[in-house]
Amino acid sequence: MLNILVWNVRGLGNSRTFQILHEHVQKFCPSLIFLSETLCSKVYMEQVRIKLGFSGALTWEKDGRSGGLCLLWDDSIDVRLLSGSKGHIDVMVTSHDSTCWRFTGLYGNPDASLRTQFWSLLKRLGDFTSKPWLCGGDLNEILFGPEKQGGAERAHYLMGYFREALTYCGLADLGFRGPKFTWKRGMKSCLVQERLDRILGNSKWLDLFPNSIVHHLSSWCSDHRPLLVELLRTNEFSTVGKIWKKGRFHFEEAWVDEVDCSSIIKDNWNSNSTINLEGVAGKIRLCANDLEKWNLDSFRSLKMQVRKAKAAFDRIDKNLSSHNWKEHQRLEKALDALRYKEERYWRQRSKDTWLKYGDRNSKFFHQKASARKAKNSILGLFDNNEKWCDKEEDMTHIIESYFGTLFSSSSPSSADFDRVLESIERKVTPQLNDLLEQDFEAEDVKTAVFQMAPTKSPGADGMSAIFYQKFWHTIGEEITAACLGFTNGGHPLGSINETIITLLPKIKNPT
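With the sequence shown counted from 1, adding 31 to any position gets you this note's numbering.
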């Protein structure tokens, strides 16, 4: 079974649009994607191909500020270009079982006065086919009057040209499941909806894939719905439709814009004044405890909030009318805001920095985080006697014993040190030594804090650098005083010096 996705994206440079496209790719696993109105260059579409994980791409670049076509395919099929223009991409598709059929991605001219030229193009394409043929895209035209709701009535002669071209080519509409209309536009006085996007096939294609189904998907972030085609043969049918222990606390990047988070930190920090590291460590623990409780009560429900918002959006989207389209727009904005929070949550866990927030690719970050967790999980260790140990207490003992030995001193004598140091050339001059022995200043502490990567590995208290950077106006004075007390005054570090040793696998499957 193969899936095909056809969509007028109305600009793939829009981060939300790319996010939805990526979600459709992950959910439906299309082998072939045809995109129209990409409004993007060939170089940008090559980046899209790489990010989505497809093996091939054919691109017709935008014409000024409009147009742009792209065909993407994975390695389950072979694609050979037959012809292309700013209104179509025509290819021959061969699957690995040697099944061969033709696909044409279409984009009808939005100028009604030029649409007869497009129908002439379609007829010419129909003159050169003896194979099963599937066509799809935004044709910018309807077949019959009831395929439009709201606005001015469609000219009958334009619909007549469309029907004539389909008859000439022997193409039949494959129907659909889902909402009736594929395009919408909210006017001041009414909502206009039309079925401008469709999938067409000839008789040979229908014989090859008799059970195929076209789905009209949700139209979030574009005024056109994506179309999903399930290529189903006679014996194929549609497919659309462990106890974890508590982990240690981590300060979440997604919290920093929440008013409640800022209030929790401010309340705990202003409860008393301290200038020593133990006092600072205590305040950090109080913040962590209250933030964790708040997270369990509200923020962990983010996934449920997204699910509920998406369900509410889909309910209206399937029955869109002039009465509810403003609510449709409101829900779309709310859903976008929740997606942004979700993306930040998973981005921190993925430890991936080459993608920026603009990619809005939370599914990618989720997969990266899951893969990273699986890679870094330790199922068991061999002890000194080559005995396999998979119990947590046994593995803890092995790790403590190994690093205890590794970092233990062999107690060398002063004579041993002298022999080693004699062979090392002195690099620190007296002037440099005087500079190094100078007291640190408050600005040095702040500079060090803000030079750290915001979300990289936190310490034992779970606070990554972003906690200190974002709330420096609240905590900075006491953090600075405590740090200078240690560096300049020799105050003890205490529990704040605790750290976490992490075993990092250097090969794919360590044993």
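Even for Gly, the Cβ is constructed at its ideal location relative to N, Cα and C.
Quick caveat: nothing in here was measured; it's all calculated off a predicted structure.
Between the stretch 477-497 and the stretch 424-444 there are fewer than three inter-stretch CB-CB distances shorter than 8 Å, so the stretches are not counted as touching. Residue pairing of GLY136 in beta bridges, as defined by DSSP: ILE120 and GLY167. Nearest to LEU467 by C-alpha distance, out of ASN519, SER488 and ASP492, is ASN519. In this structure, the beta-carbon distance from THR90 to ARG133 does not fall below 7 Å. DSSP places LYS179 within a strand segment (E or B) once states are collapsed to three. Annotation for GLU225: the continuous beta strand (DSSP E) segment containing it runs 222-225. Per the coordinates, the alpha-carbon of ARG279 lies some 13 Å from the alpha-carbon of SER488. In this structure, LEU66 and TRP38 form a Cβ contact; the two beta carbons are roughly 6 Å apart against a cut-off of 8 Å. It is roughly 30 Å from the alpha-carbon of GLU456 to the alpha-carbon of THR436.
Your pair LEU524 and LEU308 checks out as a contact, with CB atoms roughly 6 Å apart and the cut at 8 Å.
Contiguous beta strand (DSSP E) elements confined to the stretch 68-133 occur at 87-91, 100-104, 108-116 and 119-126, taking only those with 3 or more residues. Close CB contacts of LYS501 within its chain, under the 7 Å cut and outside five residues either way in sequence, are with VAL287 (chain order). Under DSSP, PHE65 shares a beta bridge with VAL37 and LEU102. When only Cα atoms are considered, GLY201 and ASN233 end up about 6 Å apart. Burial of PRO210 is indicated by the presence of at least 16 other C-beta atoms within 10 angstroms of its C-beta.
The C-beta distance from TRP236 to PRO163 rounds to 4 Å, short enough to meet the 8 Å contact threshold. Of the residues ILE35, LEU152 and TYR188, the one whose Cα lies closest to the Cα of ILE230 is ILE35. For GLU261, the enclosing beta strand (DSSP E) covers residues 258-262.
Taken through DSSP and simplified to helix, strand or coil, ARG185 comes out as coil.
Close CB contacts of CYS252 within its chain, under the 6 Å cut and outside five residues either way in sequence, are with ARG47, THR48 and ILE51 (chain order). Look at CYS420 here: in three-state DSSP terms it is strand. With respect to the C-alpha of SER249, the residue from VAL476, GLU363, LYS477 and GLY493 having the closest C-alpha is GLU363. Apart from sequence neighbours up to five positions away, the residues of its chain that approach GLY217 with a beta-carbon distance below 6 Å are TRP356, ordered along the chain.
When secondary structure is reduced to three states using DSSP, ARG279 falls in the coil class, being assigned neither helix nor strand. Look at ASP228 here: in three-state DSSP terms it is strand. Contact check for CYS101 against THR130 fails: the beta carbons are separated by 7 Å or more. Between THR511 and ALA479, the C-beta gap is not smaller than 7 Å, which leaves the two residues out of contact. Burial check for LYS179: the Cβ neighbour count within 10 Å reaches 16 or more, so the residue is buried.
Leaving aside the five residues that flank GLY516 on each side, the residues in its chain whose CB is nearer than 8 Å to its CB run, in chain order, ILE306, ASN307, LEU308 and HIS522. Nearest neighbour of ALA143 by Cα position, chosen from ASP158, MET190, LEU153 and GLY98, turns out to be MET190. In its chain, beyond the 5 residues on either side, SER107 have a beta carbon closer than 7 Å to the beta carbon of HIS127.
Less than 7 Å divides the Cβ of LEU33 from the Cβ of LEU262.
The three-state reading of DSSP puts VAL337 in helix, counting H, G and I together. With contacts defined as CB atoms closer than 7 Å, ILE296 and GLU225 fail to qualify as a contacting pair. Annotated three-state conformation of VAL245 is strand, per DSSP.
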